[in-house]
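Engineer: Counting from 452, one number per residue, gives the positions in the sequence shown under my numbering. All C-beta atoms in this analysis are idealised placements derived from N, C-alpha and C, irrespective of residue type, glycine included. For reference, the structure I am asking about is given below.
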Amino acid sequence: ACGRSVDEKYPKKNKRSSSVTFPVNTTYSQVCGIVRGYQYGTMDAFQETTGETVDQTYVDGLSITRGISRQHLWTLAVGGNEYFALRQACPRDQDPYYFLTVNAFVGDHFYCETGFTTYTSGVTAWSDPLWDGAGCIADTAHSCDKYGWFHREIGPTQDDIEVRWCSDQK
């Protein structure tokens, strides 16, 4: 995707984000979709990011928002690997050691998955696409069987939809 910098005030400092906006010419009250991605190198999902708002880099992955004010719709996060260090893992419901918090504006509207089972750098995980639930640890947030299509009901709007790639990785 190509587009504007996530941080308009300091665009040269944030070269790890880009976006594409989908114009909407009708009223809608539900948003659904499916995203297929492939992980390259190491990521750390919601951890070690500098963003506290939807306008900042709050995740390594995709941020789907609506409107000029960027109202959060869905987040697709990328974790380091299935057994990565705590600070780089996806949040897990059943393991308090890995129960990591996400920003309040994200809530339960996210998927988090990794394409690697062990630490890997400089390689693309072609054999395990992201956010499909396959190869996903069974106790990750929102259970793997729900992965695939995301769905969100909202109030009626005609806002454009923006999909941003965000990452604090080099």
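Kindly indicate which three-state DSSP category Tyr479 falls into: helix, strand or coil?
Structural biologist: The residue given as residue 479 occupies position 28 in the sequence shown. Residue state, collapsed to three classes: strand.
Engineer: Would you report the Cα separation of Val614 and Thr569, rounded to the nearest angstrom?
Structural biologist: In the sequence shown, the residue the question calls residue 614 occupies position 163. In the sequence shown, the residue the question calls residue 569 occupies position 118. Their backbone Cα atoms lie some 29 Å apart in a straight line.
Engineer: Which two residues bound the contiguous beta strand (DSSP E) that contains Trp616?
Structural biologist: Taking the first residue of the sequence shown as position 1, residue 616 is located at position 165. Here the beta strand (DSSP E) through Trp616 covers 612-617.
Engineer: From the DSSP output, in three-state form, read off Ser572 for me.
Structural biologist: If you number the sequence shown from 1, residue 572 lands on position 121. Ser572 falls in the coil class under three-state DSSP.
Engineer: What residue range does the beta strand (DSSP E) around Gln522 cover?
Structural biologist: Walking along the sequence shown from the start, residue 522 turns up at place 71. Here the beta strand (DSSP E) through Gln522 covers 522-529.
Engineer: Gly488: beta carbon under 7 Å from a heavy atom of the ligand ZN?
Structural biologist: Looking for the ligand ZN in the displayed structure turns up nothing, as the structure carries no ligands at all.
Engineer: Taking the runs of the beta strand (DSSP E) that are 3 residues or longer, which of them lie wholly in the segment 485-523?
Structural biologist: With a minimum length of 3 residues, the continuous beta strand (DSSP E) runs that stay inside the segment 485-523 are 512-517.
Engineer: Pairing CB atoms from the segment 595-612 with CB atoms from the segment 471-489, are three or more of them under 8 Å?
Structural biologist: Touching, yes.
Engineer: Using only CA atoms, which one of Tyr509, Cys563, Ser468, Ile515 lies nearest to Val529?
Structural biologist: Counting from 1 along the sequence shown, the entry for residue 529 is found at position 78. Ranking the options by Cα distance to Val529, first place goes to Cys563.
Engineer: Could you tell me the distance, in whole angstroms, from the CA atom of Ile485 to the CA atom of Thr516?
Structural biologist: Translated into the one-based positions of the sequence shown, residue 485 becomes position 34. Translated into the one-based positions of the sequence shown, residue 516 becomes position 65. Distance between the alpha carbons of Ile485 and Thr516 is about 15 Å.
Engineer: Going straight from the alpha carbon of Thr591 to that of Glu533, what length do you get?
Structural biologist: Position 140 of the sequence shown, counted from the start, is the residue given in the question as residue 591. Position 82 of the sequence shown, counted from the start, is the residue given in the question as residue 533. Because the pLDDT at Thr591 is just 47, under 50, the model does not fix this residue reliably, and the value given afterwards should be weighed accordingly. About 10 Å.
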